[in-house]
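Asker: Under this note's numbering, the letters of the sequence shown match residues 1187 to 1466, in that order.
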Amino acid sequence: MAARKHFLVLLTLIICATACTAEQVGAPRPAPRISAPPSVENLPSTKVRSVVDGRTVELADGTRARISLLAEPVSCNAAAALEFATKTLLDKEVRVSSITPGEVSLILPDGTDFALAAVSAGVLRTSGVDGGPLMEAETQASKAKIGLWAQECPTSTPAPPPPVTSTSAAPPPAPPCVVAYRINSTWPGAFQAEVTIRNVSGALINGWALRWRFPDGQTITQMWNATASQSGADVTATNAGYTALIVPDGSISIGFNGSINGLNSVPDAFTLNGAACTVG
């Protein structure tokens, strides 16, 4: 009788092991699908219909856009920047990624970002970049002395020409703009300021660059309603897409946070698209 009981227990264990094994070695369940990250191929494609300057293009649908993260072409290298952009982009199929209103990132057919290609070739500088591939490319171009780095390109606002002393000369035209610079608040090592630009030229302003020089070594850390670029004490504020237009007798305001080390004197001169403004 004991042998029979042992046999039944052993048979039960064998049946259970067989069933469990069959369940484990059954058809595997499919693994969950993981969505692939977005790629360049998923970006919308279009053609560049015209090239306005080294960093401004018109797309096939008539949209005019500024290429993100690129500074305004330096005057002494503007022709080379335009030539490079025209050769690289005109009538070319590109993929477009929108960054901010009025600004785009353009990906070339070989997958290269145009901004990176332009900076690597030394035809344009970066703007609003703190690090990464664009800054590395600008550093390498500067070290290699290529493109605009191979010539003496001033980064500061040129001094206005001396006044004409001839009694027969016509009086100089009235400044086309009035700039008001106001410090809103100050705290240890930093401050916040607002700059208002008023168009008194009598004509529509479509796209602008405001320049000034800080007298006490102030540094801009953040700007809104415009894009800031700074070289030493010299600052250039370039319009955002939504602040490009200033109607006659209209005005726009930009603001920024800055750092200070001691004094925080107000700049005493401003230029708008190269023309001196009245400070008021």
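C-beta atoms are modelled at their ideal positions from N, C-alpha and C, and glycine is treated no differently. These figures come from a predicted structure and were not determined experimentally.
Please state whether the Cβ-Cβ distance between Ser1439 and Thr1382 is less than 7 Å.
Answerer: Residue numbering aside, residue 1439 sits at position 253 when the sequence shown is read from its first letter. Residue numbering aside, residue 1382 sits at position 196 when the sequence shown is read from its first letter. Closer than 7 Å, so yes.
Asker: Which residue comes first and which comes last in the alpha helix (DSSP H) that contains Ser1231?
Answerer: Within the sequence shown, residue 1231 is the residue found at index 45, counting from 1. Not the alpha helix (DSSP H): Ser1231 falls in the beta strand (DSSP E), residues Ser1231 to Asp1239.
Asker: Mapping DSSP to helix, strand and coil, what is Trp1398?
Answerer: Sequence index remark: in the sequence shown, residue 1398 carries index 212 (1-based). Here Trp1398 sits in strand by DSSP.
Asker: Excluding the 5 residues flanking Arg1250 on each side, which residues of the same chain have their C-beta closer than 6 Å to its C-beta?
Answerer: In the sequence shown, counting from the first residue as 1, residue 1250 sits at position 64. For Arg1250, where only same-chain residues beyond five positions count, the Cβ hits under 6 Å are Glu1244.
Asker: Please report the straight-line C-alpha distance between Leu1552 and Asp1296, rounded to a whole angstrom.
Answerer: No answer is possible for residue 1552: the residues shown for the chain start at 1187 and end at 1466.
Asker: Start and end of the alpha helix (DSSP H) containing Lys1305?
Answerer: In the sequence shown, residue 1305 corresponds to position 119, counting from 1. Looking at the sequence itself, residue 1305 is Val, so the reference to Lys does not match. Where Val1305 is concerned, the enclosing alpha helix (DSSP H) stretches over Phe1300 to Ser1306.
Asker: According to DSSP, which residues form a beta bridge with Met1409?
Answerer: As a first step, residue 1409 must be located in the sequence shown, where it is residue number 223. Its beta-bridge partners are Phe1442.
Asker: Just the Cα atoms here: how many angstroms apart are Leu1310 and Pro1374?
Answerer: Position 124 of the sequence shown, counted from the first residue, corresponds to residue 1310. Position 188 of the sequence shown, counted from the first residue, corresponds to residue 1374. Looking at the two C-alpha atoms, the distance is approximately 36 Å.
Asker: In this structure, how does DSSP classify Asn1447 when only helix, strand and coil are distinguished?
Answerer: Looking up residue 1447 in the sequence shown gives position 261. In this structure, Asn1447 counts as coil in the three-state DSSP scheme.
Asker: So, are the CB atoms of Val1305 and Ala1330 less than 7 Å apart?
Answerer: In the sequence shown, counting from the first residue as 1, residue 1305 sits at position 119. In the sequence shown, counting from the first residue as 1, residue 1330 sits at position 144. It is not a contact, given that the beta carbons lie outside the stated cut-off.
Asker: On a CA-only basis, which of Tyr1367, Asn1447, Ser1417 and Ser1371 is nearest Gly1466? Give me that one, please.
Answerer: By one-based count along the sequence shown, residue 1466 stands at place 280. The option with the nearest alpha carbon to Gly1466 is Tyr1367.
Asker: Which residue comes first and which comes last in the beta strand (DSSP E) that contains Ala1423?
Answerer: Start at 1 with the first residue of the sequence shown, and residue 1423 comes out as number 237. Residues Asp1420 to Asn1425.
Asker: Only counting the same chain, and skipping five residues up and downstream in sequence, which positions put a Cβ closer than 7 Å to that of Ala1389?
Answerer: Counting from 1 along the sequence shown, the entry for residue 1389 is found at position 203. Cβ within range, chain order: Pro1434.
Asker: So is Ser1313 buried or exposed if we call it buried at 16+ other beta carbons inside 10 Å?
Answerer: Within the sequence shown, residue 1313 is the residue found at index 127, counting from 1. The residue in question, Ser1313, is buried, as its Cβ has 16 or more Cβ neighbours within 10 Å.
Asker: Looking at the unbroken alpha helix (DSSP H) that takes in Leu1275, where does it start and where does it end?
Answerer: Residue mapping note: residue 1275 aligns to position 89 of the sequence shown, counting from 1. Start and end: Ala1264 to Leu1275.
Asker: Taking the alpha-carbon positions, what's the Ser1445 to Thr1405 distance?
Answerer: As a working note, residue 1445 is residue 259 in the sequence shown. As a working note, residue 1405 is residue 219 in the sequence shown. One C-alpha to the other measures close to 5 Å.
Asker: What is the rounded straight-line gap between the Cα of Gly1317 and the Cα of Ala1267?
Answerer: The residue you call residue 1317 lines up with position 131 of the sequence shown. The residue you call residue 1267 lines up with position 81 of the sequence shown. Spanning the two alpha carbons is a distance of roughly 22 Å.
Asker: Any idea which residues DSSP pairs Ala1461 with across the strands?
Answerer: The sequence position of residue 1461 within the sequence shown is 275, counting from 1. Ala1461 is bridged to Leu1458.
Asker: Between the beta-carbon of Leu1151 and the beta-carbon of Val1260, is there less than 7 Å?
Answerer: Since the first residue shown for the chain is 1187 and the last is 1466, residue 1151 is missing from the structure and cannot be characterised.
Asker: Under a three-way DSSP split, which group does Gln1378 fall into?
Answerer: The sequence position of residue 1378 within the sequence shown is 192, counting from 1. Strand, per DSSP.
Asker: Please list, in chain order, all residues of the same chain as Thr1429 whose beta carbon is under 8 Å from its beta carbon, the five residues on each side excluded.
Answerer: Along the sequence shown, one-based indexing puts residue 1429 at 243. These residues qualify, in order along the chain: Asn1411, Ala1412, Ile1438 and Ile1440.
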